[in-house]
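Asks: These protein sequence lines map, in sequence, to chains H and A.
Residue numbering for the first sequence follows our numbering, starting at 672 and increasing by one per position.
Residue numbering for the second sequence follows our numbering, starting at 7 and increasing by one per position.
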Amino acid sequence: MAFVLIGLCAGFFSALFGVGGGIVIVPLLLLAVRWDLRVASATSLAAIGITAAAGVVTYVVHGEVRPLYAVLLGVPAAFGSFGGSALQQRLPVRTLSFLFAALLVVIAIRMLVQ
Amino acid sequence: MTYVLGVVLGIVAGVCAGLFGVGGGILFVPTLTWLGLGQLHAEATSLLAIIPTVLVGVWRHGRYGNVRWRPAIVIGAASVGAAVGGAQLAESLPESILRKLFAVLLLLTAAQIAWRAHRRPA
């Protein structure tokens, strides 16, 4: 049941502000369900995959996706994701938590000045 | 040159995805608008770019034993439903106020995550 609520929050806020679901899902899994950061972020990625796939189908039907640009960013990002996952496995959770908090602060500031 | 920067930003977005479980859209969308796409095309294209990023991340994290599959499916499915409602509501709500409230909520969340990490023995 908690996961349904987390999903609803993620979908709602991502549609409202154009933010990825991850910045909603990961904090909720950390603070509300009290999961470990590694498990929270990995599960968030899998959930985002489902949301993104559903979104892409809708947009492709409307002809709004630019596949070449998606390849330009998505392929390097896949390599980055490979490295990032390995790096996450090696960094202590404490360090990761501070880095993630910093990322949230940067996003929040960007939203405030936008 | 612009494309080189696009590739670099793509890698950075991917590293963030693997590290923090965010899809990468936070960086994809501004990069795509900067490359000349309109907001709508950028958001749509970002979703497609997220898919390979997430597939590789989930594959690696699955190997490390970090993924909880059933909760992931429940969260993902609920999120799809809510996104439809959110998109409709977005047009009828005072967006700038909501944006600021959400930003403040993010700051509080960041403080709480940092505080808990600080109290946790390394």
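Ideal placement from N, C-alpha and C gives every residue a C-beta, glycine not left out.
If you're wondering where the values come from, they're calculated on a predicted model, not measured in any experiment.
(1) For ARG76(A) and THR37(A), what's the separation of their Cα atoms in angstroms?
(2) Taking C-beta pairs closer than 7 Å, name the residues in chain H that PRO77(A) reaches, listed in chain order.
(3) Express the C-alpha separation of LEU41(A) and VAL742(H) in angstroms, rounding to a whole number.
(4) On the premise that LEU702(H) lies in contact with ILE677(H), defined as a C-beta separation below 8 Å, what is that separation, rounded to the nearest angstrom?
(5) Between the Cα of TYR70(A) and the Cα atoms of GLY734(H), ALA749(H) and GLY755(H), which residue gives the shortest distance?
(6) Measuring straight from C-alpha to C-alpha, what distance separates PHE688(H) and GLY44(A)?
(7) Check whether the Cβ atoms of VAL80(A) and VAL697(H) lie closer than 9 Å to each other.
(8) So the alpha helix (DSSP H) TYR9(A) belongs to, where does it begin and stop?
(9) Can you say whether ILE103(A) is buried or exposed, counting buried as having 16 or more other CB atoms within 10 angstroms of its CB?
(10) If the cut is a Cβ gap below 9 Å, which residues of chain A does ARG737(H) touch?
(11) How many angstroms separate the CA atom of PHE771(H) from the CA atom of ALA686(H)?
(12) Can the beta-carbon of VAL21(A) be found closer than 9 Å to that of SER752(H)?
(13) Just the Cα atoms here: how many angstroms apart are ARG781(H) and THR722(H)?
(14) Nearest-angstrom Cα distance between VAL110(A) and VAL777(H)?
(15) Does the segment 7-22 of chain A come close enough to the segment 724-739 of chain H that 3 or more CB-CB pairs lie under 8 Å?
Replies: For this structure:
(1) 33 Å
(2) PHE674 and THR714
(3) 14 Å
(4) Contact doesn't hold; Cβ gap of about 11 Å is too wide.
(5) GLY755(H)
(6) 16 Å
(7) no
(8) 8-26
(9) exposed
(10) LEU38, LEU43, HIS47, ALA48, ALA50, THR51 and LEU54
(11) 22 Å
(12) yes
(13) 24 Å
(14) 12 Å
(15) no
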